[in-house]
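In the working numbering, the protein residues as written are 478 to 745.
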């Protein structure tokens, strides 16, 4: 039950890969991958983290005891603390160093950014597949005449293939926007509770260069080229608006496509 995101719209329309992407299993296993990346980078930069601690963490990234996490959350009233305890139960040697120096948004926000990136990649693949089909459709019907409209009134003849090119052009714009959005996404990074890296400067005894290197290494381990230069506790929420705007553009194109298909079903 924890493997998939659930809602009535999901049950009717979503693909299995997208459902699983936003399910609890993927979310919380990604939290654990964030903790592993952090611990690896901290060890690489000289903090006293042992190979045994890392091995236990790596061995239990995916085997999440959701019942135990829920039990801890009832006690702590905090989802991240609950999952830290649940993770530490199966990786006991790592209990002292899981989440070392960081804040809740290290896992919640970095995970959201990872999942948004992967979701955009899924949408990109689907859009590219539709574009290829539209190309074939446009070529197949390039000579079939149909009535064109202006102001929703009968006008001059066009071809079905030409109409399909309009849909394809819109979709190509969306694909370019999705690709650009994926490139723009950054890691939230490793910046502590208020975005100052104060806790990491303390861990590294005031070594600013190590704090900077820690963030870059963690970002790369999580699949990003870099982190946002400045954050508070959270990544800039304007990022969410940019992603939604990109997806809204894709929805707009699909709506146009569907409406035109209905118009092509008329008798003229």
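Where is the CB? At the ideal position from N, CA and C, for every residue including glycine.
How big is the Cα-Cα spacing for residue 592 and residue 499? 7 Å
Residue 680 in three-state terms, based on DSSP: helix
Just to confirm the assignment, what range does the beta strand (DSSP E) spanning residue 634 have? 630 to 636
Inspect the beta-carbon positions of residue 663 and residue 697 and report whether they are closer than 9 Å. no
In the DSSP assignment, find the alpha helix (DSSP H) that holds residue 507 and state where it starts and stops. 501 to 521
Pull up the distance between the alpha-carbon of residue 577 and that of residue 540, whole angstroms please. 21 Å
Given this structure, state the Cα-to-Cα distance separating residue 724 from residue 652, to the nearest angstrom. 10 Å
With the cut-off set at 9 Å, would you say residue 626 and residue 740 are in Cβ contact? yes
Any idea what DSSP makes of residue 625, helix, strand or coil? strand
Close Cβ partners of residue 644 (< 8 Å) along its chain, the five nearest in sequence each way excluded: 611, 730, 733, 734 and 737
Just to confirm the assignment, what range does the alpha helix (DSSP H) spanning residue 616 have? 581 to 617
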